[in-house]
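Trainee:
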Amino acid sequence: MLIDTHTHLDTEQFDEDRESVIQRALEQGVERMINVGFNRETIQSTIQLIDTYDFIYGVIGWHPVDAVFMKEGDLEWIEELTRHPKVVALGEMGLDYHWDTSPKDVQQQVFREQIRLAKRLKLPIVIHNRDAHHDVVQILKEERASEIGGVMHCYSGSWETAKQCLDMNFYISFGGPITFKNAKQPKEVLQKVPMDRLLVETDCPYLAPHPNRGKRNETGFVKLVALAAAELRGVSFEEIVLQTGNNAKKLFGIN
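With our numbering applied, the sequence shown corresponds to residues 205 to 459, in that order.
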């Protein structure tokens, strides 16, 4: 079962042909998709999406870039929405020190609050980390996130950082960048991550894999990511599909 563990099918880039994009993914063998709502608007559209399609599940939370826009009551609203049986995790949450939109202290506070909520709800978390490896790991440790675990989404850090995340009960997910010629570090880390902690994703419409780099990404392109992962690991495509699919089902509690 090929599972795209991180999609944004509700975004405006798919407004003209969303149904066709989803159909193409099914034709490529993608049997489950996990859509991520990360702010007020996309949380709502993610819920609409998972209500429409049996095979799409939802993750909801607050992105660090949008942390400054979180208002009083938003966490309670998210908690209420987690009662939906197809909401399988909280996120994407974390830190982003690349885009200068939310102050670091605000990002860190929103991150901590969401970890605490996830622990109370006993849900895994989906981590966004851009140029903030040390602080992300430190906060995960301080908040004892290992009690719930989760996934390091679109992993771009070092093997040393990955080992710390693995020790905290996290899976490591890879997307389109492992198909890029110059992406040496993600390829090296993918080769070292234990097979039972490996996930694949697209993060569509962003980060399209080769040979579609620079174009709109689609969830069906997760097949290209899985093919690249199989080649890098020296195993069959079928083994990667089976293992990453089982890993995703275990992490997100998908039947």
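A virtual CB, placed ideally from N, CA and C, is assigned to each residue, including glycine.
(1) Which same chain residues, not among the five before or five after Arg222, have their C-beta less than 7 Å away from its C-beta?
(2) Could you pull the DSSP bridge partners for Gly469 from this structure?
(3) Given a cut-off of 8 Å on the beta-carbon distance, is the pair Pro148 and Phe218 in contact?
(4) Going by DSSP, what residue range makes up the alpha helix (DSSP H) through His302?
(5) In chain order, what residues of the same chain have a beta carbon less than 7 Å from the beta carbon of His302, not counting five sequence neighbours either side?
(6) Leu206 and Val439 - do their beta-carbons sit closer together than 8 Å?
(7) Taking 8 Å as the cut-off, decide whether the C-beta atoms of Leu299 and Cys358 are in contact.
(8) Looking at the strands, I want to know which residues DSSP matches up with Ile319.
(9) Of all the options Ala271, Val355 and Leu294, which has the alpha carbon lying nearest to the alpha carbon of Asp309?
(10) Could you tell me which uninterrupted beta strand (DSSP E) segments, each at least 3 residues in length, are contained entirely in the stretch 337-372, listed from first to last along the chain?
(11) Give the DSSP-derived three-state secondary structure of Arg460 in the structure shown.
(12) How far does the alpha helix (DSSP H) with Val429 in it extend, from its first residue to its last?
(13) Which residues does DSSP list as the beta-bridge partners of Phe374?
(14) Name the residue from Ile282, Glu435 and His288 whose alpha carbon lies nearest to the alpha carbon of Glu463.
Mentor: According to the data block:
(1) By one-based count along the sequence shown, residue 222 stands at place 18. Answer for Arg222: Leu213, listed in chain order.
(2) Residue 469 lies beyond the stretch modelled for the chain, which goes from 205 to 459, so this question has no answer here.
(3) Residue numbering for the chain in the displayed model covers 205 to 459; residue 148 lies beyond these limits and cannot be assessed.
(4) Looking up residue 302 in the sequence shown gives position 98. His302 -> no alpha helix (DSSP H), and no H or E assigned at all.
(5) Position 98 of the sequence shown holds residue 302. Taken in chain order, the residues that qualify are Arg334 and Asp335.
(6) Against the sequence shown, residue 439 aligns to sequence position 235. Against the sequence shown, residue 206 aligns to sequence position 2. No.
(7) On the sequence shown, position 95 is the one that residue 299 refers to. On the sequence shown, position 154 is the one that residue 358 refers to. The answer is no: Cβ separation not under 8 Å.
(8) Here residue 319 is taken as the residue at index 115 of the sequence shown, counted from 1. According to DSSP, Ile319 bridges with nothing at all.
(9) The residue labelled residue 309 in the question sits at position 105 within the sequence shown. Per the Cα distances, Ala271.
(10) 354-356
(11) Lying before the first or after the last residue shown, residue 460 is absent from the chain, which here runs from 205 to 459.
(12) Translated into positions along the sequence shown, residue 429 becomes position 225. It spans Val426 to Arg437 - the alpha helix (DSSP H) in which Val429 sits, taken as one unbroken run.
(13) On the sequence shown, position 170 is the one that residue 374 refers to. DSSP output for Phe374 lists Gly354 as bridge partner(s).
(14) Nothing about residue 463 can be reported from this structure: the residues present for the chain run from 205 to 459 only.
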